[in-house]
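These notes concern the structure reproduced below.
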Amino acid sequence: MNNLLIRIDNISIEEIIRITFDLNIKVYNIKYIDNYVLFEINNNDLEKLNNLYDIKIIKDNSLKSIINNIKNKLEYIILFILGIVLFYLLSNIIVNVSILSNNMDLVKSLNKSLDNYGIKRLSFKKNFIELSEIKKKLLNDYKENIEWLEIENIGMTYTIKLEERKKKNIDIDSNRCNVIASSDGIITKVIATKGIVNVKNNQSVKEGDILILGHITLNDEEKDDVCAKGNVYAEKWYSVSIDMPIKYSKKKYTNKKRYNILFELDNRDYKLFKSRLKNYDSDKEEIISILNKKLYLIKEYEYVDEILEYDEESLNKRIDDLIREKLELSLSDNERILVKNILKKEANDSRIKIELFVTVEKLISKQVTY
């Protein structure tokens, strides 16, 4: 648009209309105020009226004027753009990664893994979906060491919270102890680190039998007493009943993302806006904290629940998971399912009922003093 808003004093609207008509000038938005007239004309018609009247330019909307204004304010515009870029960088860069654990060996190893997945100092923040994927990978990488893990973004810091897996076989601080069987079974594997192995593979043992001796003899002569250590695994059998839905839901993230503001006051959260998304996961980023009152930017990621029916592979995996839960099998102790036989299977429109006979390899060793 190349129009000018101009003012001419001491003239009537009628005269303006007559003159502009005679000079073939198009007039827009004409207004009479007190004793002057305001109206818009094309920039190219200004000279025609300049010869007749004293004209005051109120507003110049021409491209040339806009360019001149930009040139005059270029320094401020550049500073404004640089400020936006700097604010974006400062609000999206991580300057510290903190792992909350007293296990320094685990912290050192975890730091290397986080670095490989792009969670490190002076790196850009990950979105919620990326963090969820990284968390899954870490839990898989450290399935023998970590029970639970969370990656929390607070300001410019990633805080890694975790819970270590508890080992079933706890070492006893003693100079005289044996490793005995905590239950019946048939020995499948013996890993002794101290003491004399007292059993062999495929041997049947009862609860309380000594598996690794702490009392060491040689040619029927007593030599030493130590605290026997090691893991002994045995084959065990169970009957397991499973009742589960025939379908399951799975989150599928859409590309919709919404922002919100959250106030944290007196241990309560208050959202500024009601979410427009029906189903969503969210993560929060601290903007400011004053006197234990915090303001967060919330990012909400929409998802839809996909209802899926188990295929053979996913059903088999789900059955294995339920067996592990029921029998309290520990992946960290290398316990595993050896064989599972389906004795009975019933299915209707909504549920599956399964009776199984399961053979597992389970850790049965524990230390006792003598």
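Numbers given in the working numbering equal positions in the sequence shown, counted from 1, plus 725.
Cβ atoms here follow ideal geometry from the backbone N, Cα and C, with glycine treated the same way.
Every value quoted in this text rests on a predicted model; they were computed, and no experiment measured them.
Between the alpha carbons of Val922 and Ile935 lies a distance of about 9 Å.
Within the same chain, Cβ atoms closer than 6 Å to the Cβ of Lys1078 are found at Asp968 and Glu1071, the five residues on either side in sequence being excluded. Between Lys919 and Val957, the beta carbon gap of about 13 Å keeps them out of contact (Cβ cut-off 8 Å). Collapsing the DSSP output to three states places Arg983 in a strand. The shortest CA-to-CA distance from Glu1053 to any of Lys1018, Glu1031 and Ile1089 is the one to Ile1089.
Put simply, of Leu856, Leu847 and Ser834 the residue whose alpha carbon is nearest the alpha carbon of Ile871 is Ser834. Around the beta carbon of Lys977, fewer than 16 other beta carbons lie within 10 angstroms, which makes this residue exposed.
Gly808: member of the alpha helix (DSSP H) spanning Leu799 to Asn817, first to last residue. Exclusion of the five residues before and after Lys784 leaves Leu730 as the residues of its chain whose Cβ lies within less than 6 Å of its Cβ. Remark: C-beta atoms of Asp1006 and Tyr1026 approach each other more closely than 8 Å.
Per DSSP, the beta-bridge partners of Tyr995 are Phe988. Contact check for Glu1031 and Lys975: beta-carbon distance about 5 Å, within the 8 Å limit, so the pair qualifies.
Secondary structure at Ser838: helix, using DSSP grouped into helix, strand and coil. DSSP places Leu729 inside the beta strand (DSSP E), whose first and last residues are Asn728 to Asp734.
With at least 16 other beta carbons inside 10 angstroms of its own, Tyr883 counts as buried. Nearest C-alpha to Tyr761 among Phe746, Asn767, Glu740 and Ile733: Ile733.
Bounds of any beta strand (DSSP E) do not take in Ser1039; it lies within the alpha helix (DSSP H) bounded by Glu1037 to Leu1052. Between the C-alpha atoms of Leu1002 and Asn985 there is a straight-line separation of about 11 Å. Of all alpha-carbon atoms in Ser966, Tyr801 and Gly808, the one lying nearest the alpha-carbon of Ile1044 is that of Ser966. With contacts defined as CB atoms closer than 8 Å, Asn1066 and Leu1081 qualify as a contacting pair. Classified as exposed, Asn821 has fewer than 16 neighbouring CB atoms from the shown chains inside 10 Å of its CB. One alpha carbon belongs to Arg983, the other to Lys1024, and they sit about 6 Å apart. The DSSP assignment places complete beta strand (DSSP E) segments of no fewer than 3 residues inside the segment 837–916 at 871–879, 882–889 and 902–906, in order along the chain. Between Asn1041 and the set Leu807, Ile912, Ile1062 and Phe998, the nearest pair of CA atoms involves Ile1062.
Taking C-alpha positions only, Leu807 is separated from Glu800 by approximately 11 Å. Fewer than three Cβ pairs drawn from the segment 755–769 and the segment 809–829 lie within less than 8 Å of each other, which leaves the two stretches out of contact.
By the criterion of a C-beta distance shorter than 6 Å, Ile736 is surrounded in its chain by Val762, once the five residues flanking it on both sides are discounted. Here Ile1067 is bridged, per DSSP, to Leu1081. Going by DSSP, Asn775 is part of the alpha helix (DSSP H) stretching over Leu771 to Asn775.
Residue environment analysis places Tyr867 among the buried positions, since at least 16 neighbouring C-beta atoms fall within 10 angstroms of its C-beta. DSSP places Arg1001 outside both helix and strand once states are collapsed to three, so it counts as coil. Taking Met881 as reference, the option from Glu1050, Leu1033 and Ser1014 with the minimal CA-CA separation is Ser1014. About 5 Å separates the CB atoms of Ala953 and Val904; that is less than 8 Å, so the two are in contact.
Gly910 counts as buried, since no fewer than 16 other beta carbons sit within 10 angstroms of its beta carbon.
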